[in-house]
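Just so we're aligned: the sequence shown equals residues -26 to -1, 1 to 56 in mature numbering (1 follows the signal peptide of the UniProt record, and there is no 0).
From the three backbone atoms N, C-alpha and C, an ideal C-beta is built for every residue, glycine too.
Bear in mind the structure is a predicted one, so any value in this text is a computation, not a measurement.
These notes concern the structure reproduced below.
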Amino acid sequence: MEAWRKTTMCCLILFCLMATCSEVSSTENMCYHNHWNKCHPDQNGMCRDSCVKDGWDDGQCRNRFKRLMGAKCECYPKTCDH
């Protein structure tokens, strides 16, 4: 019975950790535009400048889905709460 409790507790902790780490927001998903497919954190300034030049309010390099090489340049409109 002790092994069953440990397994259950580990599963609960893992589930809670995954739930707190995910960025789930129905409005956030409609509030940005992927400008570049690949972006590195040191390119934040270039991403922002490129977004503003194309008429967006702001932009940043963001790894929304926490992938190893998944950061993208996201542009945000003026009506977005970012």
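At what residue ranges does the region 12 to 40 contain a whole run of the alpha helix (DSSP H), taking only runs of 4 or more?
Here the runs fully enclosed are 18 to 27.
For the beta strand (DSSP E) that Y50 lies in, which residues bound it at each end?
Note, Y50: beta strand (DSSP E), 46 to 50.
Indicate whether N11 and K40 have their beta-carbon atoms separated by less than 8 Å.
Their beta carbons are not under 8 Å apart, which means N11 does not touch K40 by this criterion.
Measuring CB to CB, does H14 end up less than 8 Å from C35?
Result yes, Cβ atoms of H14 and C35 sit closer than 8 Å.
Within 8 Å of any Cβ in chain B, is that where the Cβ of P15 sits?
No chain B is part of this structure, which consists of one protein chain only.
Buried or exposed: S(-1), going by 16 or more other Cβ atoms within 10 Å of its Cβ?
Note that S(-1) scores 35 on pLDDT, short of 50, meaning its location in the model is unreliable; the coordinates nonetheless yield the value given after this. By the neighbour-count rule (16 or more Cβ atoms within 10 Å), S(-1) is not buried but exposed.
What do you get for E48, buried or exposed, if any count of 16 or more other CB atoms within 10 angstroms of its CB means buried?
E48 is buried by the Cβ-count criterion.
Which partner residues of H7 appear in the DSSP bridge assignment?
According to DSSP, H7 bridges with C49.
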